[in-house]
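Using the working numbering, the first residue of the sequence shown is number 1, and each one after it goes up by one.
Glycine included, C-beta positions come from ideal geometry on N, C-alpha and C.
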Amino acid sequence: MKRTRIKELLNLEPSGQSVVVMGWVRTFRNNQFITLSDGSTLSTLQLVVDFKTMDEALLKRITTGACIRAEGALVPSPAKGQTMEVKVSSLAILGDSDPEKYPLQPKRHSLEFLREIAHLRPRTNTFGAVMRVRHALAYAVHTFFNDRGFVYVHTPIITGSDAEGAGAMFRVTTLDAGNPPRTEDGSVDFREDFFGRETNLTVSGQLEGETHALALGEIYTFGPCFRAENSNTTRHLSEFWMIEPEMAFYDLEDNMELAVAFVRYLCNYVLNNCADDIAFLANRLAEEERSKPQDQRSEMGLIEKLKFVVDNDFQRLTYTEAFEILKNSTPNKKKKFQFPIETWGVDLQSEHERFLVEKHFKKPVILYNYPADIKAFYMKQNDDGRTVAAMDVLFPGIGEIIGGSEREADYNKLLNRIRQLGLPEKELWWYLDLRRFGSAPHSGFGLGFERMMQFVTGMTNIRDVIPFPRYPGNAEF
Ligand code: 4AD
Ligand code: MG
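So, in structure tokens, the structure goes:
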């Protein structure tokens, strides 16, 4: 007989039919009641064994964490707490678990502790829910773009280019780090490296993505990105996933509209398709909130926040307008910001972004037309000579969730900017070619997948929304 997943089994009418289930024991009470989880759903299944007829040695092996196969009759449950249960007729242990040593006890563990046992944490309710939502969110990304005729493009992971010019890249090399070949002047001779040149892990698929947008029209990428910044925050990972749509013939306005439609679609999708996991995560978050001092609690619950994004317009304003608001804000005047806002052109820090979103506007915000000097080289230069057609989408509790721009389509303007910034013009030959041959106005943005995951699951730390987080000092598993 084939196994039935708990998720499907719970949709059946219990009428004594025979079923086979397999999964991991959460608890075993009174030598009689097994709570079984198989990961297909948040819900567990109650199995009832007859300890009088069961072999005693076998009974002893039913322990928290053990993997079992059980066969029996699916019947309505006489007890409260579940609508149905399985009366077990035969049971086999597929994998024992020593209850003395199994790290996951049937009690609440801290998220910090669970991070240390990331290989076992998907067996908890919280991480099971997070990972099912992660899957649904990834699926929704593809349906959103597929429905709109975008082509999914796989940009390279190993590359020689540095899209963001931030310089925080992981080098990829086959050279012997302890004793690399040297050129005559003593520097490392990368001509002898595997690719015959310096390479790194990609920080963004954008530049390569643009090549395909200027051929296929609308494309998107969805892949891992790597940044070696030493950012030990709840919003940074060294390895994260990014979705980067890139569209020919879109201006900044079109770009912003797409970004709003996209994040709305994602919120709506998980509300409609992950209702039980989201309800569980909403409760978890509410509990976490209750342990905080009153003034630090969020005004909205998780589900309210998701619905708010679906139903409400985002506030749009220019960097210059935001700068004025921040400069005249109470925290700035009272010197409460760690980075005071004084002169136009300063980069906005997370404290400023959160002030705008959480305190001032109380809704998601899109900032656009940033000072050129704090943004990447490829952004379209505005006529004012000092700003670029950039946009950032800022979310409550997260800060920047999307960064994007209209791209500079003019060959000379782009070349000038590359020279001004001292970027490797030669290596960008192919990128410049796009402006030499059939250039077109085009735009795009990048959504940090894990930051979106944080928003939809309400998990406070980005390390808890990816199976195996990479961050400074940690690459376990
Ligand atoms: O603002 P960023 O650096 O923009 C780009 O990389 C552009 N190439 C995107 C584009 O226009 N196609 O990154 C985009 C988003 C951020 O808004 C953030 O959500 C996420 O990527 N992100 C990170 N997420 C987790 N950990 C990090 N270290 C991240 N760095 C950026
Ligand atoms: Mg950014």
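When the five nearest sequence neighbours on each side are left out, the beta carbons in the same chain lying within less than 7 angstroms of the beta carbon of K413 are those of Q381, in order along the chain.
At least one heavy atom of the ligand MG lies closer than 7 angstroms to the C-beta of E400. It is roughly 42 angstroms from the alpha-carbon of N332 to the alpha-carbon of Y139. With contacts defined as CB atoms closer than 8 angstroms, A92 and P467 fail to qualify as a contacting pair.
For the pair F449 and A275, the Cα-to-Cα distance works out to about 20 angstroms.
If you draw a straight line from the Cα of A136 to the Cα of E358, it comes to about 27 angstroms. Boundaries of the alpha helix (DSSP H) harbouring V270: L252 to N273, taken from the DSSP string. DSSP places Q206 in the helix class (H, G or I) of the three-state scheme.
Nearest to F195 by C-alpha distance, out of T35, T173, D147 and V260, is T173. Here H352 is buried. Its C-beta has 16 or more other C-beta atoms within 10 Å. Judged by pairs of C-beta atoms under 8 angstroms, the stretch 32-50 touches the stretch 66-85, as three or more such pairs exist. Of all alpha-carbon atoms in E208, V365, S238 and H360, the one lying nearest the alpha-carbon of R470 is that of S238.
In the structure shown, N416 adopts helical secondary structure according to DSSP, grouped into three states. Contact between the stretch 402-416 and the stretch 384-392 is established, with three or more Cβ pairs separated by less than 8 angstroms. In this structure A215 is not in contact with E246, their Cβ atoms being roughly 11 angstroms apart against a cut-off of 8 angstroms. Put simply, the backbone Cα of A372 is about 6 angstroms away from that of R386. The beta carbons of T202 and F226 sit about 7 angstroms from each other, so the pair counts as a contact at 8 angstroms. Secondary structure at Q338: coil, using DSSP grouped into helix, strand and coil.
DSSP places I374 in the helix class (H, G or I) of the three-state scheme. At the C-beta level, S443 and N255 come within 8 angstroms of one another.
When the beta-carbon positions are compared, I243 and L447 come within less than 8 angstroms of each other.
Judged by DSSP in its simplified three-state form, L175 adopts coil rather than helix or strand.
When secondary structure is reduced to three states using DSSP, T35 falls in the strand class.
Within its own chain, the residues whose Cβ lies closer than 8 angstroms to the Cβ of M22, once the five positions on either side in sequence are excluded, are R3, D38, C67, I68, R69, A70 and L94, listed in chain order. Burial is judged here by how many other beta carbons sit within 10 angstroms of a residue's own beta carbon; I366 has at least 16 and is buried. One alpha carbon belongs to F355, the other to N11, and they sit about 46 angstroms apart.
If the five residues before and after P156 are omitted, its C-beta is found closer than 7 angstroms to the C-beta atoms of T202 and E208, all from its own chain and listed in chain order. In this structure, DSSP gives E353 a helical state, which the three-state scheme calls helix. By the beta-carbon neighbour count (other beta carbons within 10 angstroms, threshold 16), W430 is exposed.
In the three-state DSSP reduction, I219 falls in the strand class (E or B). Spatial neighbours of D464 in its own chain (CB-CB distance under 6 angstroms, excluding positions within 5 residues in sequence) are listed in chain order as L111. Taking a contact as a CB-CB distance under 8 angstroms, the pair T27 and T64 counts as one, their CB atoms being some 6 angstroms apart. Contact between R235 and I398 holds, since their C-beta atoms are separated by about 7 angstroms, short of 8 angstroms.
Here the alpha carbons of F395 and K334 stand approximately 25 angstroms from one another.
A129 counts as buried, since at least 16 other C-beta atoms from the protein chains shown sit within 10 angstroms of its C-beta.
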